[in-house]
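S.K.: Handing you this structure, nothing more for now.
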Amino acid sequence: MVVKEYTSIAEVSGPLMIVENVKDVAYGELVQAKTSLGEKRLGQVLEVSEDRAVVQLFEGTSGIDTKNTRVRFVGETMKLGVSPELLGRVFNGVGKPIDGSPDIIPEDRIDINGNAINPYRRDHPAEFIQTGISTIDLMNTLVRGQKLPIFSGAGLPHNLLAAQIARQAKVLGEKEQFAVVFAAMGITNEEALFFMKEFQQSGSMGKVVMFLNLANDPAIERIITPRLALTAAEYLAFDKGMHVLAILTDMTNYCESLREIAAARSEVPGRRGYPGYMYTDLATIYERAGRIKGREGSLTQMPILTMPDDDITHPIADLTGYITEGQFVLFRDLHMKGIYPPVNVLPCLSRLMKNGIGPGKTRDDHANVSDQVYSAYAKGIEVRNLVAVIGRESLSDLDTKYLDFADKFEELLVTQGYNEDRGIEESLGIAWKLLSGLPKTELKRVKEEFIEKHYEGKEDKEEGEESKEEDKEEEETVINISP
Amino acid sequence: MGKISKISGPVVVAADMKGSKMFDVVRVGKEKLIGEIIQLNKDKATIQVYEDTTGLRPGEEVASTDMPLSVELGPGLLSSIYDGIARPLVTISKKTGDFIARGVEADTLDKKKKYDFKATVKKGDKVKTGFVLGEVQETSLIMHRVLIPPGIEGEVVEVNEGKKTIEEVVAVIKTEAGKEDVKMMQKWPVRRERPFTKKLEPAIPLVSGQRIFDTLFPLTKGGTAAIPGPFGAGKTVTQQSLAKWVDADVIVYIGCGERGNEMTEVLKEFPELKDPKTGKPLMERTVLIANTSNMPVAAREASVYTGITIAEYYRDMGYDVALMADSTSRWAEAMREISARLEEMPGEEGYPAYLATRLAQFYERAGRVDTLSGKKGSLSVIGAVSPPGGDFSEPVTQNTLRITKAFWALDAPLAYSRHFPAINWLTSYSLYADNMAKYFDGNVNKDFSRLRKEFMELLQKEAELKEIVQLVGPDALPEEDRLIIETAKSIREDFLQQNAFHEVDAHCSLDKQFSMMKAILDFHRKCGESIKAGVKISKLVDMPVREKIARMKESKDIDKAVRSIEGDVDSQLKELNTGVKGE
């Protein structure tokens, strides 16, 4: 096909450029613009009519003029060249190598927008991934092929947590090919360096592909960075049979770019100015995770987003939560208390958890224990709020126990070291230790046989003490009343 | 034949389209992508395309099929899984592999499979549209009744029984206009309601085996319910529990813009689950429509219509059909997206002004009816709503509430403490409750509605008392009120909480629901008497029988469990009562 060049740019506005008198331009087609200084810019057709095309330029519109800039419509959509050589390489946000090594020799070139996996061909994700982090393994279990985001806030240690997960994640009793695909959207150079250093230190750099769009890189480029990364990830997972963990950070910056384009096109804004199609758009990213029947590999996604003002109802967090299979939520109050990882388990969820746990996978009492710990912690927090009003003295015995449970839970189960890799048995052990601080009758979520087996109460003695205390209390009451 | 003049996402404008009708299906471009005309302006037609439009160019051809978006109806629908425009995902996967490519043609129904057709009419019978012509065993659970297609009325002149494909003639009917061949397959435009004789009053409950629904907020056969809730509150689990356990004959489950892995879960679980009545796989009574969030947005808009048309078709055979749509918010968002591309003036929060009308039209297709064939059939619709930020004041929730009669509000704090189903008992309601009270009193136990009322009052009272406790602490309450708090806690934990994944607890019969309700209230009443006699609430709270009450939901033989609880209650209270007297 002959590729025509146009110099007929009619308008440049924000990240958009309108080219007139074009012919035979396809929707979604890749565009190359060459400025008068010879700089090349990549873009994509957003809207096309008979003689007019609206193009978004990924690398910004500075230097574009309406006279000398030459525009070429490439005749195909944006593609990523893939080969196993991707591993160990670092690319920029539009897929050009920035690690000093030459371009890879592609085995295949794949459309970066991908196609939807046929729901009928999806395989059910059910393999337990042990991350060595109790709040995840025990209470919000990650399984292979799941998409589970980290909802964080500015200044919270989400990067540490993501790096720790990437380092420690393993499937019990198996040794197989794994890879990490890392997509950075608008994060700082420092953060990118942190991840690189982490991967190098753990000796896994050879298994990592990085796509870096940093804070000072063009914002619109961020629209394609995650798509490039996921194309690479899908290739490694489904064509090469690897178990891929894709870390996308920070999705908030991605959504900002999406809003910028929508605003430039003067579209009708949805909530907080984000476009009405943001749900659909995010879905085309997040849904690119999973397993496929008859194929070896898996693609597990861990997007990270910083909730503006820690607001979980903000559209970015909200729409993400509606698409992903659960969420980990980091909580500023816990961080302030010096707890790492500051995971607030209450709003956390893993929708695929029940498939990955239980006999043969983790332990038969896992589901029960997790439910019980959840409900006890929720109750403990309720009591904690009550204490703020009425004081600790007026609590009933049972409420005091719940309060202690919540404190100990944060101290023993949530808190762990950055290099501490806890096995699931160990996490369950801690949970039982905590639960044993509550009376057996309160453990309604746990089957009796598990209580028999794991409850660590020296019950008789404890009960004896309890009744003594009660008696004392009653005596006190009597004394109080008598004068 | 027209040609493309503009492409913007899923919306394409085509010129030279004079003569095309609104809502006609068109084939767009070289790849023959499926689309639907949604606006006409002189010779220009605006088309929403059900597939990804990347790569389309202005100037490519657009051909109208002169047919509105229709779905093929006939045997073979059950236990299938379709995309939003009724293409079987199995066929698509055979054609394009693990990923969905574009421009795939796939018939809804298997045209080669033969079914054993048995006629229920004979030569000379006078028949009308919607009459039952004959039967085929579609799955082991459902007898498919072949209906006379729309517009045909007259005398049967020929009947062909035996093994037939759905496109072979099974009967010939002499009408005023001449002879008409009747096949097992018919087509129906999805956006039009299928006809019936008349709508009936809701009178029979749609029993789901979920205590919070059946006892507190019942739904009727032919009723409508909305389940709104923030993410993670358990909408999908609730919808799936309902799909598994409701006592409908046919289930249509629409995964509208939801997660792919969740559809996989349904696909994996349903064939393994057994129908509680017949022991046959649940899949045999289920039609699945899966248009996941990353599949084209226009097809998502169509998916709810496809689903409800199929549901109506089985209703017309005289079956009780239940339709679950998860989630209607995604459907509304699809409408919003298309509307924005059309540059329509937006209404509230960017949704089109016709949002309320569309929602109402959709839910009004539910109902218990006298079908054209004279049978009684029902279509119940349960729609999940996903309000942004869990804020129920947003337009989709509000407009849904204006139409649906049962409101099952999911609550994030309940979900956080793993109270499932996380239905808030204070804000939820069912307008069918009064009607159903009569049914329950007559068919389950005469005390049913009285006990239900007592339950509701205790829960209400607990909420009031809790506010006081927040201020002054629990000790300040009188003993009677503390008992109310304890009983309400027991209602919440021992009755309302239900484990969807527990082998016994997942489904709870109406009789068991009543027995459990009675056991809790009996215990409450007896404790009240003991308090009057001077027993301290702290002693009552420590009674070992409370653990038995907590476990009764897991018991297979509820009568035995309740008898044992009664015995324990009496003996343990007696001990406490005598203890008081002794002092």
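So the sequences go chain by chain: C and S.
Everything in the first sequence is counted per my numbering, starting at 28 for the first residue and increasing by one.
Everything in the second sequence is counted per my numbering, starting at 1395 for the first residue and increasing by one.
Note that the Cβ used here is the ideal one computed from N, Cα and C, for glycine as well.
#1: With respect to the beta strand (DSSP E) encompassing Gly-1429 of chain S, which residues constitute its N-terminal and C-terminal limits?
#2: So which residues of chain S does His-151 of chain C contact, with C-beta pairs closer than 7 Å?
#3: Would you mind stating whether Ser-463 of chain C and Gly-450 of chain C have Cβ atoms separated by less than 8 Å?
#4: When the Cα atoms are used, what is the spatial distance from Gly-1922 of chain S to Lys-1883 of chain S?
#5: For Gly-1761 of chain S, which residues from the same chain have a beta carbon less than 6 Å from its beta carbon, with the 5 sequence-adjacent residues on both sides left out?
#6: Would a C-beta distance cut-off of 8 Å place Ala-1705 of chain S and Val-1715 of chain S closer than the cut-off?
#7: How about Pro-386 of chain C: is its C-beta nearer than 8 Å to some C-beta of chain S?
#8: Just verifying my parser: in three-state terms, what is the DSSP assignment at Thr-1680 of chain S?
#9: Along the chain, where does the beta strand (DSSP E) containing Val-236 of chain C start, and where does it finish?
#10: Using alpha carbons as the reference points, say which of C:Val-30, C:Cys-375, C:Ala-433 and C:Glu-134 lies closest to Met-166 of chain C.
#11: Going by other Cβ atoms of all chains shown within 10 Å of its Cβ, with 16 needed for buried, is Thr-1569 of chain S buried or exposed?
#12: Can you tell me whether Ala-153 of chain C is buried or exposed? The criterion is at least 16 other CB atoms within 10 Å of its CB, across all chains shown.
#13: Tyr-1810 of chain S versus chain C: which residues are under 8 Å apart at the beta carbon?
#14: Which stretch, first to last residue, makes up the beta strand (DSSP E) that contains His-270 of chain C?
#15: Inspect the CB distances between the stretch 327 to 346 of chain C and the stretch 258 to 277 of chain C and report whether three or more fall short of 8 Å.
#16: Should the stretch 1414 to 1431 of chain S be regarded as contacting the stretch 1448 to 1466 of chain S, the criterion being three or more beta carbon pairs within less than 8 Å?
#17: By how many angstroms is the C-alpha of Thr-351 of chain C removed from the C-alpha of Arg-299 of chain C?
#18: Between Val-22 of chain C and Ala-256 of chain C, is the Cβ-Cβ spacing less than 8 Å?
#19: Using 8 Å as the threshold, is the C-beta distance between Val-1563 of chain S and Asn-1554 of chain S below it?
#20: How should Glu-486 of chain C be labelled, buried or exposed, when 16 other C-beta atoms within 10 angstroms of its C-beta is the threshold for buried?
#21: Expressed to the nearest angstrom, what Euclidean distance is found between the alpha-carbon atoms of Ile-417 of chain C and Leu-430 of chain C?
#22: For a quick check, are the C-beta atoms of Phe-100 of chain C and Glu-56 of chain C less than 8 Å apart?
#23: For Asp-360 of chain C, count neighbouring Cβ atoms within 10 angstroms of its own Cβ and tell me buried if that reaches 16, exposed if not.
#24: Looking at Asp-1510 of chain S and Val-1530 of chain S, is the spacing between their C-beta atoms short of 8 Å?
#25: Thinking just about the alpha-carbon of each residue, which of C:Pro-342, C:Gly-348 and C:Ser-402 is nearest to the one in Arg-378 of chain C?
#26: Going by DSSP, which residues form a beta bridge with Asn-142 of chain C?
#27: Quick one: what's got a C-beta closer than 6 Å to Thr-1703 of chain S's C-beta in the same chain, skipping five residues either side?
#28: Straight-line CA distance for Ile-1494 of chain S to Ile-139 of chain C?
#29: If you compare alpha carbons, which of S:Ser-1399, S:Thr-1794, S:Tyr-1444 and S:Met-1830 is closest to Val-1601 of chain S?
#30: Does DSSP put Val-1775 of chain S in a helix, a strand or coil?
#31: Exposed or buried, what is Asp-1805 of chain S when buried is set at 16 or more other beta-carbons lying within 10 Å of its beta-carbon?
#32: Out of S:Ala-1894, S:Val-1963, S:Lys-1558 and S:Asn-1818, point me to the one whose CA is closest to Leu-1667 of chain S's CA.
#33: Evaluate Arg-148 of chain C with the Cβ neighbour count: other Cβ atoms within 10 Å of its Cβ, from every protein chain shown; 16 or more gives buried, anything less gives exposed.
#34: Flag Thr-279 of chain C as yes if its beta-carbon sits less than 8 Å from any beta-carbon of chain S, otherwise no.
#35: Taking the CB atoms as reference points, tell me whether Val-414 of chain C and Leu-422 of chain C lie closer together than 8 Å.
#36: Do the stretch 1408 to 1416 of chain S and the stretch 1425 to 1438 of chain S touch if we need at least three Cβ pairs shorter than 8 Å?
M.R.: According to the structure shown:
#1: 1427 to 1435
#2: Thr-1658, Glu-1659 and Lys-1662
#3: no
#4: 15 Å
#5: Lys-1593 and Gly-1616
#6: yes
#7: no
#8: strand
#9: 235 to 241
#10: C:Cys-375
#11: exposed
#12: buried
#13: Leu-373, Pro-374, Tyr-401 and Ala-405
#14: 270 to 276
#15: yes
#16: yes
#17: 21 Å
#18: Since the displayed chain C opens at 28 and closes at 510, residue 22 of chain C lies outside it and no answer follows.
#19: yes
#20: Caution applies to Glu-486 of chain C, whose pLDDT of 49 falls short of 50 and renders its modelled position unreliable; the value that the coordinates give is listed next. Exposed, because fewer than 16 other Cβ atoms sit within 10 Å of the Cβ of Glu-486 of chain C.
#21: 14 Å
#22: yes
#23: exposed
#24: yes
#25: C:Gly-348
#26: Looking at the DSSP assignment, Asn-142 of chain C forms no beta bridge with any residue, so it has no partner.
#27: Val-1465, Trp-1582 and Val-1584
#28: 15 Å
#29: S:Met-1830
#30: strand
#31: buried
#32: S:Ala-1894
#33: buried
#34: no
#35: yes
#36: yes
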